[in-house]
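Position one of the sequence shown corresponds to residue 63 (this note's numbering), numbered consecutively onward.
Quick reminder that beta carbons are idealized off the backbone N, C-alpha and C, glycines included.
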Amino acid sequence: MRAGTAEDLPRLMELWRQEVAAGRQDMVPNEHNLHRMLARFDWEAKSRVVEEGGRIVGSVLVMSRPSPDGTLTNVYAAGEPPVFRRLVEWGVGLSRAAGASVAQVFVGKGLGDGLESAGLKLVRPWWRMDRAMDDLPAIAPVPGYDLADATTVPPGSWEDMFNRTFADHWRFAPRGEGEIVGDRAPGLCLMAITRARRSPAGITIGEVESYDGDPRPQPVGLISSVGTLPEHRRRGLATWLVAEVLARLRDAGARSASLYVDGMSPVMAYDVYRKMGFQVAREAEVWEATWP
Ligand SMILES: CC(C)(COP(=O)(O)OP(=O)(O)OC[C@H]1O[C@@H](n2cnc3c(N)ncnc32)[C@H](O)[C@@H]1OP(=O)(O)O)[C@@H](O)C(=O)NCCC(=O)NCCS
Numbered sequence: 063m064r065a066g067t068a069e070d071l072p073r074l075m076e077l078w079r080q081e082v083a084a085g086r087q088d089m090v091p092n093e094h095n096l097h098r099m100l101a102r103f104d105w106e107a108k109s110r111v112v113e114e115g116g117r118i119v120g121s122v123l124v125m126s127r128p129s130p131d132g133t134l135t136n137v138y139a140a141g142e143p144p145v146f147r148r149l150v151e152w153g154v155g156l157s158r159a160a161g162a163s164v165a166q167v168f169v170g171k172g173l174g175d176g177l178e179s180a181g182l183k184l185v186r187p188w189w190r191m192d193r194a195m196d197d198l199p200a201i202a203p204v205p206g207y208d209l210a211d212a213t214t215v216p217p218g219s220w221e222d223m224f225n226r227t228f229a230d231h232w233r234f235a236p237r238g239e240g241e242i243v244g245d246r247a248p249g250l251c252l253m254a255i256t257r258a259r260r261s262p263a264g265i266t267i268g269e270v271e272s273y274d275g276d277p278r279p280q281p282v283g284l285i286s287s288v289g290t291l292p293e294h295r296r297r298g299l300a301t302w303l304v305a306e307v308l309a310r311l312r313d314a315g316a317r318s319a320s321l322y323v324d325g326m327s328p329v330m331a332y333d334v335y336r337k338m339g340f341q342v343a344r345e346a347e348v349w350e351a352t353w354p
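And the structure:
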């Protein structure tokens with residue numbers, strides 16, 4: 063076992079592709095996003111790889127972010143079960159030593175065998191819901207609201223909206239503007255605003271992504287950050303924004319659509335999506351270790 067380096071990335075991508083083929087992970091992030099995510103990553107301190115006969119057979123990358131629950135880490139491990147468990151243990155150990163309050167590991171459903179030995183507990187199902195791009199749901203504007211996008215909405219508003227709409231989401235961790243809209247197409251970053259006071263009420267972000275070796279019709283329209291401020295909920299805003307972003311994603315070339323949702327969402331976010339034709343396509347599990 064040794065620390066990983068940025069030069070390992072092509073071989074890591076190969077390993078991660080095998081993880082998807084074996085059903086252990088849901089998808090390989092595309093290279094562009096990966097480079098963005100890993101631009102300032104401390105490989106020496108926060109990663110390990112396992113090599114066998116010149117091949118990388120296991121990897122772990124630990125990412126951390128501050129949250130109201132304390133520092134939250136994500137332990138991204140890959141490899142056959144024994145190597146996987148060893149690397150998860152390393153990642154959880156690092157998280158604890160670095161003072162994290164929560165370490166999370168995402169695995170395919172039923173594939174978390176033995177993770178208890180790393181001090182982890184199964185806490186939630188995590189779903190990917192998919193939809194074909196035909197028969198898109200009707201776009202139903204909500205009276206009293208207008209729709210805007212990042213071609214006109216001033217920068218800075220997305221971060222504020224994301225952090226306010228997701229404040230009551232499980233394991234919420236604040237995000238910065240760049241992470242929410244970043245270099246995404248401005249016409250796919252949607253915001254509902256009140257007609258009377260021009261104040262933001264809900265957001266939804268879309269992006270068109272291609273995933274290697276993935277059975278979904280490519281490219282995929284990925285929908286994220288679907289959030290409505292509490293005082294504007296249950297009026298149809300999320301339904302409107304998701305229907306609108308679906309149509310825009312189709313026009314931008316997406317041939318299927320996907321989103322991720324907490325399988326125990328207290329506001330039953332999956333019902334919003336189910337009513338719009340999305341179905342659970344991949345089930346993952348969230349395992350956690352927590353320290354007071
Ligand atoms: C999930 C969320 C985006 C829904 O936004 P919304 O604007 O209230 O959604 P809509 O008004 O379009 O609701 C559509 C359907 O969702 C379901 N729904 C929404 N809120 C619900 C709740 N609190 N309880 C049960 N069902 C709910 C209902 O089926 C509703 O249909 P109905 O109006 O016929 O009852 C909003 O609750 C939210 O921002 N939550 C916090 C962030 C979050 O969890 N986002 C989802 C991440 S995947």
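How big is the Cα-Cα spacing for residue i and residue j?
i, j, result
"V304", "R64", "44 Å"
"R233", "D131", "7 Å"
"L182", "E69", "31 Å"
"N95", "D222", "23 Å"
"R102", "L123", "13 Å"
"P279", "A194", "8 Å"
"R297", "A202", "11 Å"
"R336", "D313", "22 Å"
"N136", "W188", "14 Å"
"D333", "E106", "43 Å"
"T67", "E142", "21 Å"
"R147", "G176", "7 Å"
"L173", "G85", "9 Å"
"G339", "A331", "13 Å"
Any heavy atom of ligand 1 closer than 7 Å to the CB of residue i?
i, result
"A331", "yes"
"F228", "yes"
"G289", "yes"
"V215", "no"
"T256", "no"
"R323", "With the sequence shown as reference, residue 323 is identified as Val, and Arg is not the correct amino acid for it. Result yes, Cβ under 7 Å from ligand 1."
"G298", "yes"
"H97", "no"
"V90", "no"
What does the Cβ neighbour count give for residue i, buried or exposed, with the cut at 16 atoms within 10 Å?
i, result
"K108", "buried"
"T301", "buried"
"Q87", "buried"
"Q166", "buried"
"T227", "buried"
"W353", "exposed"
"S261", "exposed"
"G161", "exposed"
"P281", "buried"
Can you list, in chain order, the residues of its chain whose CB lies under 7 Å from that of residue i, leaving out five sequence neighbours each side?
i, result
"K418", "There is no way to answer for residue 418, as the model of the chain reaches only from 63 to 354."
"V215", "M253"
"H299", "The identity of residue 299 in the sequence shown is Leu, whereas the question assumes His. For L299, where only same-chain residues beyond five positions count, the Cβ hits under 7 Å are V204, Y207, A254, A263, G264, T290."
Can you give the beta carbon distance from residue i to residue j, rounded, assuming they're within the 8 Å contact cut?
i, j, result
"W268", "T290", "Note that residue 268 is Gly in the sequence shown, not Trp. That belief does not hold up - the Cβ atoms of G268 and T290 are roughly 16 Å apart, past 8 Å."
"A316", "G283", "3 Å"
"V90", "R79", "5 Å"
"D192", "Q341", "6 Å"
"V111", "E350", "With 8 Å as the limit, V111 and E350 do not qualify as a contact, their Cβ atoms being about 24 Å apart."
With a CB to CB cut of under 8 Å and the five nearest residues on each side skipped, what residues in its chain are close to residue i?
i, result
"R73", "R117, I118"
"N92", "E271, S272, Y273, D274"
Take residue i and list the residues in its own chain whose beta-carbon comes closer than 6 Å to its own, dropping the five residues that flank it on each side.
i, result
"D324", "W232"
"A180", "V150, E151, V154"
Please confirm if residue i has its CB atom under 8 Å from at least one CB of chain B.
i, result
"F228", "Looking at the structure shown, chain B is missing, and only one protein chain is on hand."
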